[in-house]
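J.:
Residue numbers (the working numbering): 1414 to 1722.
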């Protein structure tokens, strides 16, 4: 079974001060404000997080959990934006757009990866924040690890020069496109628009502005042997594109319960031909404008020795 696209272990950050981030609301149309106090919101998000980690571990996924006790990092539950890992022992650190998100980076996560996995190098792009440049990891880029393609929607969180630099360093081909919602807003992160698994891809084609670019993306996905599952804008609003394939006891597609409910029976049947849906109930966390994919930083590194939960 090819597991290159589907990591068997992930990093998650347990949020103790969760709230919808005011510094990111300007360009994240998926953010909403919970109808409860900050204290209740934080407690509910923590309970949702713990339920999600339990479900992932029960499915056989290795989960490395780090607690975040800071008061200035409301989006810390979404670590996939500040680092990514790659086959061959490579790690990338990314520059973030919002100043308070830059505080999410933490050396203990990287040190754990070095201790438990084989790491050859760490390429750090984060210093480019001082030039107001950002490339927010596997939020800004949806990576086809098999075909070596970095699908990237244009936004102020995906600087084109940085994208080219990443693709040169990590040997990916960039495919850049413009994507907008029904109100004409740029899609802030590519991973709310699409998700790539081993044998299928979830994507809202209607949100891709240029028909020629849309056709190119479909062709490249199909050339890679994947079946394209075309999502509607309403399904994207329910985070149906914000999913990640994982390798546990079997191959799973981790997504939110809300996202799974939004899919049609035929779409679910396509997924189930190669992966078992693994729904996680995180409605409070989703008010921050991200969902399951954003919560999981996949580890595409070789373990130094067998890791036991």
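Using N, Cα and C, we set each Cβ at its ideal position, and we do this for glycine too.
These numbers come from a predicted model, not from an experiment.
Nearest by alpha-carbon distance to residue 1505: which of 1450, 1566, 1534, 1418 is it?
T.: Here the closest residue by C-alpha is 1534.
J.: Can you tell me whether residue 1481 is buried or exposed? The criterion is at least 16 other CB atoms within 10 Å of its CB, across all chains shown.
T.: So residue 1481 counts as buried.
J.: On the DSSP letters alone, give me the boundaries of the alpha helix (DSSP H) that residue 1532 sits inside.
T.: Premise fails: residue 1532 is in no alpha helix (DSSP H) and is neither H nor E.
J.: Taking the alpha helix (DSSP H) that residue 1633 falls in, what are its first and last residues?
T.: 1624-1636 is the extent of the alpha helix (DSSP H) around residue 1633.
J.: From 1522, 1556, 1551, 1571, pick the residue whose C-alpha is nearest to that of residue 1545; which is it?
T.: It is 1571.
J.: From residue 1630 to residue 1588, what does the alpha carbon distance come to, in whole angstroms?
T.: For residue 1630 and residue 1588, the distance between alpha carbons rounds to 8 angstroms.
J.: CA-CA distance, residue 1542 and residue 1508?
T.: Near 5 angstroms, if we compare the C-alpha coordinates of residue 1508 and residue 1542.
J.: Quick one: Cα of residue 1645 to Cα of residue 1675, how far?
T.: Spanning the two alpha carbons is a distance of roughly 10 angstroms.
J.: Let me confirm a value: residue 1603 is counted as buried when at least 16 other C-beta atoms fall within 10 Å, else exposed. Which label applies?
T.: When all chains shown are included, residue 1603 counts as buried.
J.: Starting from residue 1652, follow the beta strand (DSSP E) in both directions and report where the run begins and ends.
T.: Premise fails: residue 1652 is in no beta strand (DSSP E) and is neither H nor E.
J.: Could you say which of 1515, 1557, 1617, 1720 lies nearest to residue 1607 if we only look at CA atoms?
T.: The candidate whose alpha carbon is nearest that of residue 1607 is 1617.
J.: Going along the chain, which residues of its own chain have a beta-carbon closer than 8 angstroms to the beta-carbon of residue 1612, five neighbours each way excluded?
T.: Closer than 8 angstroms at Cβ, skipping near neighbours: 1638, 1639, 1640, 1686, 1687, 1688.
J.: In the DSSP output, which residue or residues are listed as bridge partners for residue 1564?
T.: The partner list for residue 1564 (beta bridge, DSSP) reads 1555, 1588.
J.: Can you tell me whether residue 1492 is buried or exposed, with buried defined as 16 or more other CB within 10 angstroms of its CB?
T.: It is buried - the Cβ of residue 1492 has at least 16 other Cβ atoms within 10 Å.
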